[in-house]
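S.K.:
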Amino acid sequence: MLRARLASRNAQPALLCCTPAMPLILLNKPNRVLCQFKDDQGRETLADHINIADVYPAGRLDFDSEGLLLLTDDGQLQARISQPRSKLAKHYWAQVEGSARDKQLGELTTGVALKDGPASAIKAATITDPNGLWERVPPIRERRSIPTSWIDLAITEGRNRQVRRMTAAVGLPTLRLIRHRIGPWSVAGLAPGESLAIDTEVAWKDLKAYLEDPFA
Numbered sequence: 000m001l002r003a004r005l006a007s008r009n010a011q012p013a014l015l016c017c018t019p020a021m022p023l024i025l026l027n028k029p030n031r032v033l034c035q036f037k038d039d040q041g042r043e044t045l046a047d048h049i050n051i052a053d054v055y056p057a058g059r060l061d062f063d064s065e066g067l068l069l070l071t072d073d074g075q076l077q078a079r080i081s082q083p084r085s086k087l088a089k090h091y092w093a094q095v096e097g098s099a100r101d102k103q104l105g106e107l108t109t110g111v112a113l114k115d116g117p118a119s120a121i122k123a124a125t126i127t128d129p130n131g132l133w134e135r136v137p138p139i140r141e142r143r144s145i146p147t148s149w150i151d152l153a154i155t156e157g158r159n160r161q162v163r164r165m166t167a168a169v170g171l172p173t174l175r176l177i178r179h180r181i182g183p184w185s186v187a188g189l190a191p192g193e194s195l196a197i198d199t200e201v202a203w204k205d206l207k208a209y210l211e212d213p214f215a
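Sequence positions in the sequence shown follow numbering that gives the first Met the number 0 and run 0 to 215.
(1) By DSSP, does residue 28 sit in helix, in strand, or in coil?
(2) So what does DSSP say about residue 196, is it helix, strand or coil?
(3) Based on Cα-Cα distance, which residue from 33, 86 and 213 lies nearest to residue 61?
(4) Considering residue 66, what are the terminal residues of the beta strand (DSSP E) in which it resides?
(5) Can the beta-carbon of residue 150 be found less than 8 Å from the beta-carbon of residue 125?
(6) Is the region 45-52 in contact with the region 167-176, if contact means three or more CB pairs nearer than 8 Å?
(7) Drop a sphere of 10 angstroms on the beta-carbon of residue 38, count the other beta-carbons inside from all chains shown, and report buried for 16 or more, exposed for fewer.
(8) Quick one: residues in its chain with C-beta nearer than 6 Å to the C-beta of residue 94, no 5 flanking neighbours on either side, listed in chain order?
(9) Would you list the residues sitting across from residue 120 in a DSSP beta bridge?
(10) Which two residues bound the contiguous alpha helix (DSSP H) that contains residue 168?
(11) Please report the distance separating the alpha-carbon of residue 158 from that of residue 201.
(12) Should residue 74 be labelled buried (16 or more other beta-carbon atoms within 10 Å of its own) or exposed?
(13) I'd like the ranges of any alpha helix (DSSP H) spanning at least 4 consecutive residues and lying wholly in the region 71-145.
(14) Find out if the Cβ-Cβ distance for the pair residue 156, residue 83 is shorter than 8 Å.
(15) Would you mind sorting residue 140 into buried or exposed? The rule is 16 or more other CB atoms within 10 Å of its CB.
As structure tokens, this is what we get:
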């Protein structure tokens, strides 16, 4: 079973050449990287961090958001990960402007009104600074007169900029957003721009075990 760390875009994927299917790639996407492999404006893309052809994102992550992005060439696996009906939880750390209160956290879980319909989190809780969190490049702009706080939030949908719009709806604009987990897969141990390859067979087993008991 293959679990290979891909240290950089220049690493030779020798471990992958003889596998019958491409692995599931776990990438810690840095801030200001597009979730595509080409850009006519010269911005940083996935091609600057992934050295494997013919894999595609299972879901997306905003240009100005960081953290876990999954890539695969398995269409069925991609669909199971990205489609809302799969109810795969996506976990985020959101650094917000202001001190999050219980009332605001409750509103996030009971539901807020967005322009494209109501949205709710399956979890919303305040946390201290996430352990082992890397520095953001460039750093966020903080106002000295206004405190910031961290929220650990999970959703099962994936609408455009959904988490940012949800926190803004309860009066807590998001300053920094990091997706740290999708279903059974975590960004733990991966530095920004670093990736990990998991054999597709192992990925399917991970997903099956998670769906049988998502709160394990």
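C-beta: ideal position from N, C-alpha, C; glycine also.
M.R.: Reading off the structure:
(1) If you number the sequence shown from 1, residue 28 lands on position 29. Residue 28 falls in the strand class under three-state DSSP.
(2) As a working mapping, residue 196 is identified with position 197 in the sequence shown. Residue 196: strand per DSSP, three-state reduction.
(3) Here residue 61 refers to the residue found at position 62 of the sequence shown. Ranking 33, 86 and 213 by CA distance to the CA of residue 61 puts 33 first.
(4) If you number the sequence shown from 1, residue 66 lands on position 67. It spans 65-71 - the beta strand (DSSP E) in which residue 66 sits, taken as one unbroken run.
(5) Counting from one through the sequence shown, the residue named residue 150 turns up at place 151. Counting from one through the sequence shown, the residue named residue 125 turns up at place 126. Yes, the pair counts as a contact, with Cβ atoms nearer than the cut-off.
(6) The count of Cβ pairs closer than 8 Å, one atom from the region 45-52 and one from the region 167-176, stays below three, leaving the stretches out of contact.
(7) If you number the sequence shown from 1, residue 38 lands on position 39. That one is exposed.
(8) Taking the sequence shown and counting its residues from 1, one reaches residue 94 at position 95. The answer, listed in chain order, is 147, 149, 174 and 175.
(9) For this step, residue 120 is matched to residue 121 along the sequence shown. Its beta-bridge partners do not exist; DSSP assigns none.
(10) Taking the sequence shown and counting its residues from 1, the one referred to as residue 168 is at position 169. Residue range 161-168 is occupied by the alpha helix (DSSP H) that includes residue 168.
(11) Locating residue 158 in the sequence shown gives position 159, where the first residue counts as 1. Locating residue 201 in the sequence shown gives position 202, where the first residue counts as 1. Approximately 28 Å between the Cα atoms of the pair.
(12) Numbered from its first residue, the sequence shown carries residue 74 at position 75. Exposed.
(13) 74-81 and 101-109
(14) What you label residue 156 is simply residue 157 of the sequence shown in a count that begins at 1. What you label residue 83 is simply residue 84 of the sequence shown in a count that begins at 1. Yes; because the gap between Cβ atoms is below 8 Å, this pair is in contact.
(15) Sequence index remark: in the sequence shown, residue 140 carries index 141 (1-based). Residue 140 comes out exposed.
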